[in-house]
Structure formats: structure tokens, C-alpha cells
Amino acid sequence: MTFSLLPVFRLLGILVAIAVSIFAPAAYAQSQPGPLKIAMVLWRGETNVEQGFRAYFDENSIPVDLTIYDTARDLSRVPAIIDQIRKDPPDLVYTWGTGITSAVVGKYDAVDPAQNITDLPVVYVMVSSPWKTGIAAPAGQSRPNVTGAAHIAPLPAQINAIRAYRPMDKLGVVYNSREDNSVSNVADLTELGREMGFEVLAAPLGTDGEPSQDDIPPAVAELARKGADILYIGPDNFIGNYRDTLTDAGFANGLAAFSATELEVRDGHAMLGLVSRYELVGRLAASKVEQILIDGISPADIPVETLDRFSYLIRLSSARKLKLYPPLSLLDYAEVIE
Amino acid sequence: MTPSANPDTKPDTPASPHGGNIRSRLFPKGTIWILLLFSTISLCIALVGISWRAAELARADLQTEIREKAGIEARVLGEKIENALRLGIPLREIVGFETVVYQLRNGDPDLVFAAITDKAGDILHAGGLSSDEIATALKAPSGNDTAYIVTRLDLPRAEGQDDIEVVLGHARAALMRPVTDNLYDIAIIFIITLALSFELMLLVLTVNVALPVRVARKVLDNVRDRKFTLLHGQSTHDEIGQFMERINSLINTTAKKVGTHPQREREVKLIGVRMLAFMFVLAEELARPIMPAFFSQVTSHSIDGQLGAGVVMAVHLLMVALAMPICSLFQEQVGSLRMYLCGAFLATLGLIGTAFAGGIWDLVLWRALSGIGYATTFVACQSYVLDATNDSNRTQGTAMMVSGIMLADICGPAIGGIVAGHFGPDMTFIAGATIAFLAVLLAFFLMDNMVRGKTPPPIPTRAALRAMLGNRRLQVLILFAAIPAKLILSGFLYYLTPMILLQSGATTAETGRVIMLYGLVAILTGWAAAKWTDKNQNETRAVGIGGGLTAAGLLLAGWLPEYALFAVAVALLGLAQATSIPAQLSASLKLSKDFTKDHGTGPVLAVLRLAERLGGAAGPLLAAGLTLLVGTTHAVLIFGAFAAVSVLCFELLIGHVPAEQKNEGGTK
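Here it is in C-alpha cells:
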């Protein structure tokens, strides 16, 4: 009688595999105790978003080790940063803005493992249209290692915010036609205009070469000539960089500016804005990092979200310059900045 | 001793040789109308006087209240202005004052205008009215006869700047608004009180005066004709009773001499069933306004409160729907009195249990018992009416019972709301249980023994049932009249009407008043409509007229969905149902005469009740579905079209299908 141990080993093997699958940490959960290592790829140094991000971990007593990679508004630096990240891999990569995020993770249907990060979880912030730009996968699909926090209020809410201040039939938009998120935002606005009864007067820059700061004032003057009621500043890095040029051109032509992002009102001279507060966007992103690295949830299972509350900002100095004072009812809930 | 068909109203009784057709007359003649008119006018004058005095007394308090409210509103406006000025917005450049006033007016409809003025009285900002209109209003001399109550608030400003003033104008008519609003409630209480008094007086006078006098007349006519075969058997202990007892002894003496054997003559107290129907529905309806909240509270420990309340109410309705046809099948074997006693006892038990229910399961049990009790008492009353009436007055008998039920439907929630407000929900259910228990005691007195249980009719054979169900005229009645009537009632009146009226800005009280109109019109017109039906002996015509009125009302409300037109539509529905519902019952028995002759009325009524319940359950579902698909107003139009098609089919088919064959009712 021969007795083979093979079936016993097979059985043991199966049991061990089951035990490992049950007790092993989930995909990206941190296996070693110690601070969470996070590489932060930023557009223009640290902003309030990062302050909120840090504050979340401090308040929840979660130790973090943050490594900052500042592109200084230069996307061509991203490949070198990715190489650096690969040499000393962190637990997670944090990216700021549409341009950087797109360069780090690629589009959902065109990922290049050689150029994009695919083996580390990535959490992005300040991407205004993650779906339109292909950074997020369409509904029903997900990206295995990427999730993030969007920061733009829904477009109808933005238009209502403008109209709560003053009547608006013609919306002037100066934008960089070389930025995907700006192009898709203007397309969305144009479509929304048909539903909500306003016309988008678009002034694309950079249609024949890189746009320059000097292109902005004539574009604004042209919009004023066409009868724009207000200027719209969307999620556009180029306009963001030269926001003062745009608002000054607006003042010169009697046009106020509305902004969908916070800095253009808080640090610039846009007259009003319906915005996500940057600090809260940072906190939302930090909560997603916690879910991935502490709770062991896969980024694929964490939805891309935006905040559900927005701040109405009014810059009174700009209102005064234009003699377009805010209505009384807005003063009850708007944050008025001098 | 033979029970007369219907003692209270008897259209087919031959005319009296002494005074025309007195028995068939619906209303009495003579000075009673002058007295009624006098007492009503006196009552109204007294009520109006009391209301006016109350208004005068309340006016001072109301004025203070309005001034306080105006002060708060002025401060709100003032703070907004000060905030804008603090931010550096120049006074004359302030934007959006009108919008803020508009928002304030949304919360306070009495506020007519608001303005910011400078010390010279010039209007800087205005809202509610134009600057010119406000200036005119402010120039009017102050006093109690001006159109506005003006409130002013100074807003002191920094040195070197002129002070400004917030000015508010409230409508002076607002001082009377709480009183005029209450007048509607006073009117409703007035109507309910009148209805309850009428109910009580009707019972007392009929039992103690009308019936004994009517029997006495019959006995004396018999004596006049020298027959001496009747004795007065309508026992009362008052003067009429004592007088007729003496007459009885004289008749007995004379009868012995002439060799006759007189029998005691009495008439069925059909009016009693109206009071009994009123009581069993009142017992249930008292707690109607507090049921959802109370059930939610009791069931909240087990499941979501709203869902719990829904489950409990659904179980109650299910039990009513199941018990009604089942009880109809056994009504003749059990007898009206026994059945009523059982039902009222179950209802008492169910209502007491509900008051002390501690969780969802016992609450479901108690409500199920109440449901069975409700259905049983309903069937008992109906069977009593059917036993005590014949073809010539059945519709009137049914209408009498239905009007008792409708009266309770109206009075119950109104009285229950007051009871609940003062004593809490538990006591409201206990009050219901007390009424149900009183009904048990009253039933012995109000339901005559002679219509208690009879020999049960033979159980119908399958073939007989098939023949009854296959009776095409009965099918037409059920499909195109009975089901649509209940479907429209529950779908339109209880679902769409409140939804549309509330959506269009009517208050709950205003909506309640419109719905109440249904019951009022039905009560006021029910008896006359039934009398007309019985007189013409054309129940199907009455059913058709009812359907036509329903369709007209619904199409009108769907076409022009205004508050007033909804009230008209609801009133038409009340008239339509009062005309149609009692006639449907009579028609169903008439159409299946061959079946009921051999097997009793139970199975026919069971089928009719089941069909009605199905229609009643389908109504809200259909209304909700249509609302989702086409919106509420179009749903009313579709209901109207459905009513029109139903009545058209009914009219076309009821007269032209072959009449029931004689041999269809028996075994073939």
C-alpha cells in the first residue's frame, strides 16, 4: 500500500492561500508602521490646498512624511520628477492641477507605464473636469490606482451665482485653447447657455502658437465691444497666471469678473466667485489618502468627489471700482473681501 | 303582527282619506318651518354678534402683535442696510432692497410695503409698492381709518451724515384676518353641531312620536272601519303610549264581543340603524386625524415610523376589504343584531387595544380587530336595512344609512381633533371605544327583534353562483358603475384634490373644507335623491345620472383647476355619489332578483362590496401613477374622461343587454 502526501500538501497550500488572502493587508495599505510617505507634485509651490491637506493629518494624529516636488509652473519637469519618485517610491503620490495629474497618471484609456505612474496610488486635487479630460474613467469604470477631489462648483450653480449678483445674458470667456480643461469647460458653458438662456462670447487664446499675456487686454476689449455682461474665469492655468492682467483689462472696459476658483477672488481682483475653499479641497483629498493607506481601500473603490458646499466670495474693492455693488440679500451669506 | 316596510318614509302607501299622502311626504308642512327659520336666524344673529364682539376685543391684542412683528421686520431691514453701509456701500447705491422686501413679504403676507427714507421724508429705496404710492400712503393722516399700519425705525448714522428711517406698511385689514379665518372654523363647528342635533332630534322624534302616532293612526283607522283586528304595539311610556294602552284595552273588550283576535301592530325602527351606522363610523373616525402620527410613534421602535404607520393602516384596510364580503355571505344566518353586537364589540376591543398598544405587532392586531369590527357592523346595518325595506323604498333606506355614515365621516375627525388636542391620542381612541361600546348597548334598543336572524337561505349551488356572476346586467353595473364610483372617489377626492389644492397654495384648512363639502352635499341631497329613485323605480337611471354628474365635475376641475371649480367638482361628486351609491345597491339586488329569491342577498352584496373595495384600493394607485406620468391636472382630466367613458358604457349596455333569464338563477 502506497501513501501519497501530495493531496495533503495541496490542501495545506490552499488553506495557507486562503489565510493569506484574509489576513494580508489590502493592496495599498501601509504594511510597515511609521509615517505615511507621500510625494506631492505641485504646480506653483504649496497653496491653501496643501495647508488643508497637512491640517487633516495633524488633527487626526496621522504621521506623514511629505516630499514636495515643485514644477514651478513648468510641465516639462514632470518626467524627471516621476523618475525621482520611482527611485525612492513613496506610499502614495499627490498631484495638483489638471496638467500635472494628466502627465503623472495619463488618460484612463491611454496609460503608458513607462511615462505614467501605475504602480503607486495617486490622489489628485484641483482637477476641474476629471471626466472630460480623461483623468477619471467614465461612469461605470474606474482606474485601479487613481482617485481625487475636484473643486469646481457645478456650472448651473455658477451661472445662478452670477445672476444673483446682477442680470447676465452674455458671458465673456477669455481662455487658453491649449488647455483641455478650459476647452471642455467652455463647451459645457455654451451648451448650458442654450438651457439657461445666455450666450457665451468666447475669446480663445493660443490658437496660433503659445498664448502670451499681451493677448489678454485686446481679447477683453473685444468682448466688451460685443456686449459681454461679465467676464468668466474658469479652471485655466494660463489665465490663472495672468489673472490681474485680465481683471485690469476688465476694469478698463467696465467689466467685472466672475471666478470658479478661489485664488482669483481672494488673491486677485475678480469681483465675485462661487468656489470651493482650497483648504477644504485639501482636507477632502487627505481623507481619501487615509482611506487608501490606513483603511486599505483600493483607489478604484473610492469615488472622485467634489465638495457639496461652496463659498460665495465678493471682492468689494473691485465692486467699488466698477460701481457694481452687491445686492443686499447676497451680503447675508457671501464672504466679503475688502 | 306584520312589520311594515319602511315606517319613516313610505312613498307607496295609499293616500290617507283625511289629508293627502302624508306618509310619503319628506318634509313636514306648516308653522314648523317658520319656527325653524326663526331659530336659525336667531342663532346666526347671536353667533355673528359674539364673533363681532370677539373681533373687537381681539383687535387691540392683534394690533400689538402686528406692531411687534413690524418692529422685528424693521430691525431686520435696518441691520441689512447698516451692514451694507458698514461695508462702505454708499446709501444711494444700495442694490436689491426690493428683493429683500419681497422675501419679507413671503413670510408675512400682511406686509404691504417697506422703504428707506431720509429725514426729509424722501424715499431712497422702496419695495412692495412704488416710491410714489408709498409717498402717498405716508402723507395720509394717521388714524384707525387708514389703509396701512405704518411702523418707523430710526437708523442713526455716523456724525456728519443724515440719519435715515426704515418705514414699513402693514395692511390694516390684517387686524381682522384671524377673526375672518376663524369664522370658517366657527361655521364648520356650527354645521357639525346642527348635524348632530338633527341626528339626535330625528331619532328621538321618530322613535317617540312619529312611529307611535303612525301606528296609532293605523289602529284607529282599523277601529273606525269596525274591524278591531289591530292593537297598538309601538311601546312608549309617554302620553301617546298611555293613551293607546287605554284604546288597546277598549279594542280588546270590543274584540271579545265581536269575536275577533286583535294582533299588536308595530313598525320597524329603521331610523335606529342610521344612528347605529353613525356611531360605528364615528368610533373609528374620531382618531382619523391623529392616526398617522400616533402609529408612527408606536411603531418607530421596530421600523421606520412612516413605513410602520403605512403598514398598520394597510392592514386595517385589508381587514375591512376581506371581512366585508365574508360577513355579507353570513348576514342572513347570523342576523343583523347579533352581527352588529359582534362587530361593535370587536371594534371596542380593537380601539381600546390601540390606545394602549406598545409596539407594531400588537398595534397591527388591534387595528385588524377594529377593521373586522368596522366591516361587520357595516354589513349588519346594511342587512338590517335590506330586511326592513322592499323594492319600493330600498334606496331610501340605504340612503338613510349612508347619510349616517357620511355625517360621522364629517363630524368624527373634527371632534376627534379637538379631543386629541385636549386629552391626547390615547384618550381619543378610548373615546372611540366608548362610543363603540355605547353602540353595543343602543343596538338592543334600536334594532328591532323582528329583523333579527332568520332561517338561513339554502347555500347557493355553484351553478347558481355562476349564473349570478354571469348576469350581464349585474356585470355592467359592477364594471361601469360600482368600481368606477369608488375608484374616482378615492383617487380624485382623497388623493388628487388635496394634492392639487395644497400645491396651488391652499392651506390645509381650506383643503379640508373643500373635501368636507363632499360629505355635506351628499348628506343634504342623499335623501331627496333616494326618494326620487324609489318614486320612479328606476335605479339604473339614478346610477347613470350619478356617473354623468361625476364626469361633468371632474372634466370641469381638470379643464380649469381653480380652487372654486374644485369646490364645485367636489360638490357635484357628493351629489353624484348620493344619487348613485344607494341606487347601486338596490339595482344590484333587483338585477339579480332570481338569485336573491332563492339564495338571499348575501352573495350579491359580497360581490358588490368586493368590487367596490377593489375600486377604492385602485383609485389612489391609479392617481399616483397618472400624477407621475402626466402631472396632477392632467390626471384629473383623465379621471374625468374615465368617468365619462364608464357612464357611456353603462348607459349603452345596461338597457340593451338581454335581461336575466328566469332559469338562470336556479340550477340548470
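Order-wise, the sequence lines are chains F and L. Just so we're aligned: 336 in numbering that gives the first Met the number 0 is position 337 of the first sequence, and the numbers increase by one with no gaps anywhere. Just so we're aligned: 642 in numbering that gives the first Met the number 0 is position 643 of the second sequence, and the numbers increase by one with no gaps anywhere. Heads up, the beta-carbon is just placed ideally off N, CA and C, and yes, glycines get one too.
Span of the alpha helix (DSSP H), counted from its first residue to its last, around residue i
i	result
LEU170(F)	Counting along the chain, LEU170(F) falls outside any alpha helix (DSSP H), though it belongs to the beta strand (DSSP E) covering 169-175.
SER310(F)	Premise fails: SER310(F) lies in the beta strand (DSSP E), 310-314, not in any alpha helix (DSSP H).
TRP130(F)	Looking at the DSSP string, TRP130(F) is not in any alpha helix (DSSP H), and its letter there is neither H nor E.
PHE355(L)	Unbroken run through PHE355(L): none, as it is neither H nor E.
GLN262(L)	Looking at the DSSP string, GLN262(L) is not in any alpha helix (DSSP H); the run it does join, the beta strand (DSSP E), is 262-264.
TYR147(L)	From DSSP, TYR147(L) is part of no alpha helix (DSSP H) but of the beta strand (DSSP E) over 147-154.
Selected residue, minimal CA-CA separation from residue i, among the options
i	options	result
ALA466(L)	SER196(L), ASP597(L), ALA215(L)	ASP597(L)
ALA194(L)	ILE409(L), ALA577(L), GLY630(L)	ILE409(L)
LEU74(F)	ALA299(F), ARG85(F), TRP95(F)	TRP95(F)
PHE237(F)	GLU198(F), GLY98(F), ASN159(F), ASP207(F)	GLY98(F)
GLN290(F)	LEU312(F), ALA149(F), ALA113(F), ASN144(F)	ASN144(F)
LYS322(F)	ASN252(F), ASP300(F), PRO155(F)	ASN252(F)
VAL121(F)	ASP213(F), ASP331(F), VAL172(F), ALA285(F)	ALA285(F)
LEU97(L)	ALA125(L), PRO108(L), VAL401(L)	First, the residue type needs correcting, since residue 97(L) is Glu and not Leu in the sequence shown. Minimum Cα distance to GLU97(L) is reached at ALA125(L).
ALA269(F)	ARG308(F), VAL303(F), LEU315(F)	LEU315(F)
ALA521(L)	LEU613(L), LEU406(L), LEU306(L), PHE242(L)	LEU406(L)
GLN330(L)	SER382(L), SER295(L), LEU317(L)	SER382(L)
ALA54(F)	ALA333(F), SER297(F), GLU278(F)	GLU278(F)
THR63(L)	ALA173(L), ALA146(L), ARG213(L)	ALA173(L)
GLN536(L)	PRO602(L), ARG608(L), GLN395(L), SER295(L)	GLN395(L)
ARG156(L)	THR192(L), LEU202(L), GLU78(L)	GLU78(L)
VAL110(F)	ILE134(F), PRO129(F), LEU91(F), PRO88(F)	ILE134(F)
THR46(F)	GLU261(F), VAL288(F), PRO210(F), VAL199(F)	GLU261(F)
GLN160(L)	THR135(L), TYR147(L), ASP117(L), ALA146(L)	ASP117(L)
LEU703(L)	VAL111(L), PHE197(L), ARG225(L)	Outside the displayed span of chain L (0 to 667) sits residue 703(L), for which this structure offers no information.
As assigned by DSSP and simplified to three states, the class of residue i
i	result
GLU209(F)	coil
MET338(L)	helix
ASP187(F)	helix
TYR241(F)	coil
THR645(L)	The sequence as given places Ser at residue 645(L); Thr does not occur at that position. Of the three classes helix, strand and coil, the one that applies to SER645(L) here is helix, per DSSP.
GLY168(L)	strand
LYS322(F)	coil
ASP300(F)	helix
GLN233(L)	coil
GLY403(L)	helix
ALA462(L)	helix
GLU261(F)	coil
ASP117(L)	strand
LEU651(L)	helix
HIS300(L)	coil
ILE35(F)	Going by the sequence as given, residue 35(F) is Leu instead of Ile. Residue state, collapsed to three classes: strand.
Check whether residue i and residue j have beta carbons under 7 Å apart
i	j	result
ALA248(F)	VAL274(F)	no
VAL63(F)	ILE37(F)	yes
ALA343(L)	GLY525(L)	no
LEU219(L)	GLY415(L)	no
ARG276(F)	GLU263(F)	no
SER176(F)	THR146(F)	no
GLY281(F)	GLY44(F)	no
LYS131(F)	SER183(F)	yes
LEU275(L)	CYS341(L)	no
VAL475(L)	VAL513(L)	no
GLY127(L)	SER328(F)	no
PRO619(L)	TYR494(L)	yes
GLY295(F)	ALA259(F)	no
ILE250(L)	PHE277(L)	no
ILE65(L)	LEU281(L)	no
First and last residue of the uninterrupted beta strand (DSSP E) at residue i
i	result
SER258(F)	256-258
THR94(F)	91-95
LEU123(L)	122-126
**Message:** To be precise: take each residue of the segment 314-332 of chain F, compare its Cβ to all Cβ atoms of chain L, and keep it if any distance is under 9 Å. Which residues remain?
**Reply:** Listed in sequence order: LEU315, ALA318, ARG319, LYS322, LEU323, TYR324, PRO325, PRO326, LEU327, SER328, LEU329, LEU330, ASP331.
**Message:** Under 8 Å, CB to CB, which of the residues in the segment 250-264 of chain F have a partner in chain L?
**Reply:** Hits within the stretch: zero.
**Asked** Taking a cut of 7 Å between CB atoms, which residues from the segment 45-66 of chain F lie near chain L?
**Response** Within the segment 45-66 of chain F, no residue has a Cβ that lies closer than 7 Å to any Cβ of chain L.
**Prompt:** Name the residues in the segment 83-114 of chain L whose C-beta lies less than 9 Å from a C-beta of chain F; which are they?
**Reply:** Those would be ALA83, LEU86, GLY87, ILE88, PRO89, GLU92, ILE93, VAL94, GLY95, PHE96, THR98, VAL99, GLN102, in chain order.
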